Every structure is written in C-alpha cells, then in structure tokens.
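Heads up: the structure comes next, in structure tokens.
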Amino acid sequence: MPRIAFIGTGGTIASIGSDPFDLLDYNASDERVDARTLLERSGLLGTIADIVPIDFRRMDSTAISSADWADLASLCRQLSRDSTFDGIVIGHGTASLEETAWVLSLVLEVKVPVVVTGSMRPLTGISSDAGANLAAAVRVATAKHEDGGNVFVVLNDEVHSPRAVTKNHTLRLNAFQSPWLGPIGTIDGSRVSLARQPRPKAAGFPQDLLRRLPRVDIAYSYVGADGCAIRAFVEAGARGIVSAGFGPGIGSPAETAALADAIAAGVVVVQSSRAGAGQVVDSARHKAMGIIAGNDLNPQKARILLALCLAREDTPQKIAQVFQSI
Numbered sequence: 196m197p198r199i200a201f202i203g204t205g206g207t208i209a210s211i212g213s214d215p216f217d218l219l220d221y222n223a224s225d226e227r228v229d230a231r232t233l234l235e236r237s238g239l240l241g242t243i244a245d246i247v248p249i250d251f252r253r254m255d256s257t258a259i260s261s262a263d264w265a266d267l268a269s270l271c272r273q274l275s276r277d278s279t280f281d282g283i284v285i286g287h288g289t290a291s292l293e294e295t296a297w298v299l300s301l302v303l304e305v306k307v308p309v310v311v312t313g314s315m316r317p318l319t320g321i322s323s324d325a326g327a328n329l330a331a332a333v334r335v336a337t338a339k340h341e342d343g344g345n346v347f348v349v350l351n352d353e354v355h356s357p358r359a360v361t362k363n364h365t366l367r368l369n370a371f372q373s374p375w376l377g378p379i380g381t382i383d384g385s386r387v388s389l390a391r392q393p394r395p396k397a398a399g400f401p402q403d404l405l406r407r408l409p410r411v412d413i414a415y416s417y418v419g420a421d422g423c424a425i426r427a428f429v430e431a432g433a434r435g436i437v438s439a440g441f442g443p444g445i446g447s448p449a450e451t452a453a454l455a456d457a458i459a460a461g462v463v464v465v466q467s468s469r470a471g472a473g474q475v476v477d478s479a480r481h482k483a484m485g486i487i488a489g490n491d492l493n494p495q496k497a498r499i500l501l502a503l504c505l506a507r508e509d510t511p512q513k514i515a516q517v518f519q520s521i
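Following the working numbering, the numbering of the sequence shown begins with 196 at its first residue and continues without gaps.
Listed below in structure tokens is the structure:
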C-alpha cells in the first residue's frame, strides 16, 4: 500500500458547521478539525493508502502569509526526503489555494508528487465535497508520474496546473477552473488520467526567498480610475506593482501616468489583466514605458512571481525574461 503524508492547514475542508445544512456561515464558529480527524471523518484512514496525518496550521486561508508559505515549503521538502513517503497531499482553504500551489510550484524541488486540495463545502455539510476531493488528491499523489515530483491542484475530479488554475466562483463545486488551458487531467474512480504535466517544474527560486519577499501591490483598473492607489503603494514602499488592467492589458490614462512615475522612481511594474484569461503581450507601448508584460498570469500570480524575482534581486530585464519563459 502506498504511503502518503497528509498536511492539514485548515480551511473549509476542515471546518465544522452548526448543522448539515450550514453551507455558508460555518466560518462564524471558527471551528476546524485536525488532520487525523479530517481523515477519519472522510473514511480515508487505512483504505486507498497508508495516510499519515500531519498538522501544520488550522487557519482560514485568507490569513496565510509568506512566512507560512516558507514553513510549508520546508515541511514538504523535509517529507520528500523521507523515502517511505510516495507523495504529499495538502488540505487547504480555497480562498488562497491557487496562490499557495503556485508558490510551491516555483520553489519546490522534490521527487514525489505534491497535491493541493480543498473543498467548497464544510466537512459537516450535506453532500460535502471534502472526502471526495481528498480521495481524488490521494489518487493523484499515488499515481505513477513520468518525471517524479511536481505540484498539482485537485478538486472536483479534475487535475489542474498551479500556473493556470483559479477560483472563478464563490460557491459552486466546480469553482476551480483553468480558463485558458483547461485541466491537465481527470480522476475517474481509481483511475488517474493525465494529458500533460504541469509547468513549471521548479523555477529555480530558493525557498528562503519566501522569508524576505518585498512589498508588491496590485492596482485594479476600472472606469474613472485615477492614480491615487498607485501613488499610495509607492509611498508605502512598494518595490513592485502589478496592474490588473482592462481586457487587453492596459490601465486608465491616469493610472498609466501614475505607473510611469512609479517606474521613474525605481518601482518595477508588471502589466496583467482583470479579464481572467489570455495573454498580455509584450507590446511596443509596454516596452516604451518600461512595463513588463505579465504573459498569461492572473494578477495574484503575477504578484507572487514578481515578488520572488525582486527578492532574488533580478534586474528588470531579467524579470521580463522570467515572465516570458515561465
């Protein structure tokens, strides 16, 4: 029987509601079970794998910090060095799940699969997806992978790349989608089918960078947006700003002027889009302003990549290369 480490971090998947019909207000109790109890209530202990529960945190994922990411990455690295484990599954709140998975995919160099999962309904909710998602994640973690270690996101019987996946609905069970590229695989019963591996497989960022990430902010574009937020970010000490611009990747005229001032002050600016899918191209306009095109990364993932590049002390030219090649 394969042996899997299950890391519990809290989130909806570990949350306890007031009754089976409490699918929305369960966070009010702030009650979350530990990793072992979650596995027991899901009926997974001693079934499809020898699953070892490990408590990391019991928190709401809106509260996760870069220090938590650093600790989680270190724990994954430590567990991956234990030759008795065939894979790692992480239970995580869905609010920031995509960001944690993206971070791990950028810093982890491990030889076993790392699968991040969560649930849209609490553990005690009627028709909760907690147990099904956990089981599917364990299936992926125990499957044979051509290149050994990689980071996956698994929910709703789908396997996604951390690079592409995003939460695009507040409540539905199929909230996690990869809008442009689609899922990279599926789980049907005990069968795991992967069409391709996620990318990148470790982008060469040392884990210790997570303990010294600089301030990087996101400026969201809207009709009539001025440069107030951008100027405030610069004043607060931001070393980088991600512009979540209109569809093609462009801010309002006032935002554009404020971004130009920020660049002149030494702030690195990456252009993303609020559209939810598609590339922001490296246009002549962006080049002329010194703005780095964010490729197809959504604003929150572009922010993480920019922060890691700045922590590594990459030049703007190097950062542009990273965004185009990642």
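For every residue, glycine included, the Cβ atom is placed at its ideal position computed from N, Cα and C. Source: prediction; values computed, not measured.
Range covered by the alpha helix (DSSP H) that runs through residue i
i, result
"His481", "Ala479 to Met484"
"Val476", "Unbroken run through Val476: none, as it is neither H nor E."
"Leu404", "From DSSP, Leu404 is part of no alpha helix (DSSP H); its letter is neither H nor E."
"Leu503", "Pro494 to Ala506"
Residue i - partner residues in DSSP beta bridges
i, result
"Cys441", "The amino acid at residue 441 is misidentified as Cys; the sequence shows Phe. According to DSSP, which records beta bridges pairwise, Phe441 is partnered with Ile445."
"Thr232", "In the DSSP output, where bridge partners are listed per residue, Thr232 has none listed."
"Thr312", "Gly286"
"Ala414", "Ser438"
"Lys362", "Phe371"
"His355", "Val348"
"Val464", "Ile436"
"Ile169", "Limits of the chain in this structure are 196 at one end and 521 at the other, which puts residue 169 out of reach."
Other residues of its chain near residue i: CB distance less than 7 Å, five sequence neighbours each side excluded
i, result
"Gly238", "Gly326"
"Phe251", "Ile202, Gly203, Thr204, Leu267 and Leu270"
"Pro378", "Glu353, Val354 and His355"
"Met196", "Ala244 and Asp245"
"Asp477", "Ala488 and Gln519"
Beta-carbon proximity list for residue i, same chain, < 8 Å, skipping 5 on both sides
i, result
"Trp375", "Ala359, Ala472, Gly473 and Asp491"
"Glu226", "Ser210 and Ile211"
Exposure label - residue i; buried when at least 16 CB within 10 Å
i, result
"Ala200", "buried"
"Tyr221", "buried"
"Leu219", "exposed"
"Ser388", "exposed"
"Pro215", "exposed"
"Ala459", "exposed"
"Val418", "exposed"
"Ile321", "exposed"
"Lys513", "exposed"
"Gln508", "Residue 508 is actually Glu in this sequence, not Gln. When all chains shown are included, Glu508 counts as exposed."
"Thr279", "exposed"
"Ala515", "buried"
The beta strand (DSSP E) enclosing residue i, as first and last residue numbers
i, result
"Ala200", "Arg198 to Gly205"
"Thr337", "Counting along the chain, Thr337 falls outside any beta strand (DSSP E), though it belongs to the alpha helix (DSSP H) covering Ala325 to Thr337."
"Pro248", "Asp245 to Met254"
"Ile382", "Gly380 to Asp383"
Nonlocal neighbours in the same chain, by C-beta distance under 6 Å from residue i, ignoring five residues either side
i, result
"Ala331", "Val349, Asp352 and Ile382"
"Ala420", "Ser447 and Glu450"
"Lys496", "Trp297"
Q: Take every Cβ of the stretch 402–417, pair it with every Cβ of the stretch 355–366, and state whether three or more of those distances are shorter than 8 Å.
A: These segments do not touch.
Q | Stretch pair the stretch 452–472 + the stretch 424–443: three plus CB contacts closer than 8 Å | A | A contact is defined here as three or more CB-CB pairs under 8 Å, and the stretch 452–472 meets this definition with respect to the stretch 424–443.
Q.
Check whether the stretch 306–317 and the stretch 277–286 touch, using three or more Cβ-Cβ pairs below 8 Å as the test.
A. Contact between the stretch 306–317 and the stretch 277–286 is present: three or more C-beta pairs spanning the two stretches fall below 8 Å.
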